[in-house]
Amino acid sequence: GDRSDLKWWHEGRCVVDVDEESGDRSDLKWWHEGRCVVDVDEESGEWKAVEALLNDSLPEAKLRGVKRIENRLLWRRYWTKRREVGLKSAGLNRRSNSGDAGWWGNAGLGVGLGFGGAEADAGDAGGLASDERANSQDSLVAGWCMGPGTPLDVRVNERQLWHGTGRTDPMVVVDHEVGLDHRFSSGGFFGHGLYLAEKARYSHGEPDFQYSHSNYNGTFSLLLVRATLGRCYDYKSTVNRATKDLKMPPRDDQTTLLYDSVQGGPHRPAEKGPGERDSVMCILYDLCQAYPEYIVEYEDPNRRAGPFSLW
Numbered sequence: 020g021d022r023s024d025l026k027w028w029h030e031g032r033c034v035v036d037v038d039e040e041s042g043d044r045s046d047l048k049w050w051h052e053g054r055c056v057v058d059v060d061e062e063s064g065e066w067k068a069v070e071a072l073l074n075d076s077l078p079e080a081k082l083r084g085v086k087r088i089e090n091r092l093l094w095r096r097y098w099t100k101r102r103e104v105g106l107k108s109a110g111l112n113r114r115s116n117s118g119d120a121g122w123w124g125n126a127g128l129g130v131g132l133g134f135g136g137a138e139a140d141a142g143d144a145g146g147l148a149s150d151e152r153a154n155s156q157d158s159l160v161a162g163w164c165m166g167p168g169t170p171l172d173v174r175v176n177e178r179q180l181w182h183g184t185g186r187t188d189p190m191v192v193v194d195h196e197v198g199l200d201h202r203f204s205s206g207g208f209f210g211h212g213l214y215l216a217e218k219a220r221y222s223h224g225e226p227d228f229q230y231s232h233s234n235y236n237g238t239f240s241l242l243l244v245r246a247t248l249g250r251c252y253d254y255k256s257t258v259n260r261a262t263k264d265l266k267m268p269p270r271d272d273q274t275t276l277l278y279d280s281v282q283g284g285p286h287r288p289a290e291k292g293p294g295e296r297d298s299v300m301c302i303l304y305d306l307c308q309a310y311p312e313y314i315v316e317y318e319d320p321n322r323r324a325g326p327f328s329l330w
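Under our numbering, the final residue of the sequence shown carries the number 330; numbering is consecutive throughout.
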């Protein structure tokens, strides 16, 4: 699983000699070479990490396949947004500590644009645990060259959360130009957003109401999504007309800035309040804050998947 040669990055960059007769680009080779699906090795730490997340709330589930999604353009959009959230967070921290009214234009600038030494570099390396990597002069590029499958950045509240695609094959979702798109949402407890679950059991759902995708071979599939939650407003158990009408996170009255995301629960699939399949829900209203990192295929010994999801 060595990604140090940045092969996936370089394969998405090429210089083409244009034929003076046609200059035909119809095969879109330059686009497709920046997009690929990688089967994760069962013996790798990456596989074991996904398996642990799955079995945390579905202990009897048997992991059958993990596909890592590598899409250069989607990752770039996500990485850029993650840096914006980091800039905002760093600015708030500095403003809180110094009371400087120029925190956004001055103190936040180095962190947001890759200037300003070790602190800025540490936020550019894709959440890498190694200080050596984080302080590298190449960290501005490495942050999004490293790509999916790298450690999470806790400073921007980056997490891996579950999402079910229902009747839609998750491969169709990840192959779409914009990836996960909350504009297809029909609404919910927290308005029109991208709903992600802390626990796989929620996304797996019940036999009569499931978010997981049913495969023809009897297995189920879920997306494991990398999400930048940033400053997350917690509605806890509150569900009312105001939350159902949300189109963006609420504003923080103290800072006058919007929160980056919201969360609530635990709730059950389509039902308010805790229960057997409950989970805390995290909701995003900016599609750039989520990257579909893995397609996870698994078996449930207590239930065999039908030809499609009921939901």
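For glycine and all other residues, C-beta sits at the position ideal for the given N, C-alpha and C.
Item checked: Beta-bridge partners of L277, as assigned by DSSP -> For L277, the beta-bridge partners assigned by DSSP are R270.
Checklist line | Cβ-Cβ separation, K86 to Y313 (assumed contact under 8 angstroms), whole Å | finding: That pair is a contact at about 6 angstroms.
Item checked: Own chain partners of V175 with C-beta closer than 7 angstroms, once the 5 adjacent residues on each side are dropped -> Same-chain partners within the cutoff: R101, V104, G105, S108, T247, G249.
Next item on the list: Select from L215, K266, V59 the residue whose C-alpha is nearest the C-alpha of Y278.
Entry: In terms of CA proximity to Y278, K266 leads the group L215, K266, V59.
Item checked: Buried or exposed by the 16-neighbour rule on C-beta atoms within 10 Å, applied to T275 -> T275 is exposed by the Cβ-count criterion.
Check: So Y317 and V281 are in contact, right, with Cβ under 8 angstroms, and what is the actual spacing, rounded?
Finding: By a beta-carbon distance limit of 8 angstroms, Y317 does not contact V281. Their separation comes to about 28 angstroms.
Check: Quick one, which of F209, P268, P288 has its alpha-carbon nearest S231's?
Finding: The residue with the shortest Cα to Cα distance from S231 is P288.
Next item on the list: Taking H286 as the reference, give the member of Y97, Q273, C301 with the closest Cα.
Entry: Proximity to H286 across Y97, Q273, C301 peaks at C301, based on C-alpha coordinates.
Note to self: In whole angstroms, give me the CA-to-CA distance for Y214 and E62.
What the structure shows: Approximately 31 angstroms, taken between the alpha carbons.
Item checked: Test item: CB-CB of K218 and S76 under 8 angstroms -> Between K218 and S76, the CB-CB gap stays under 8 angstroms.
Notebook entry, point to check: Secondary structure at D305, three-state DSSP: helix, strand or coil?
Noted result: Coil, per DSSP.
Check: Within 10 angstroms of its Cβ, does A80 collect 16 or more other Cβ (buried), or is it exposed?
Finding: Counting Cβ neighbours within 10 Å, A80 comes out buried, since at least 16 surround it.
Next item on the list: Report back the beta-carbon spacing between V57 and W66 to the nearest angstrom; my notes put them in contact at under 8 angstroms.
Entry: Contact between V57 and W66 is ruled out by a C-beta separation of about 12 angstroms, above the 8 angstroms threshold.
Item checked: Nearest candidate by alpha-carbon position, reference M83, set P268, S240, T262, D271 -> A quick correction: the sequence has Arg, not Met, at residue 83. Nearest of P268, S240, T262, D271 to R83, Cα basis: S240.
Notebook entry, point to check: Can you tell me the Cα-Cα spacing of Q308 and H223, whole angstroms?
Noted result: Each residue's alpha carbon lies about 23 angstroms from the other.
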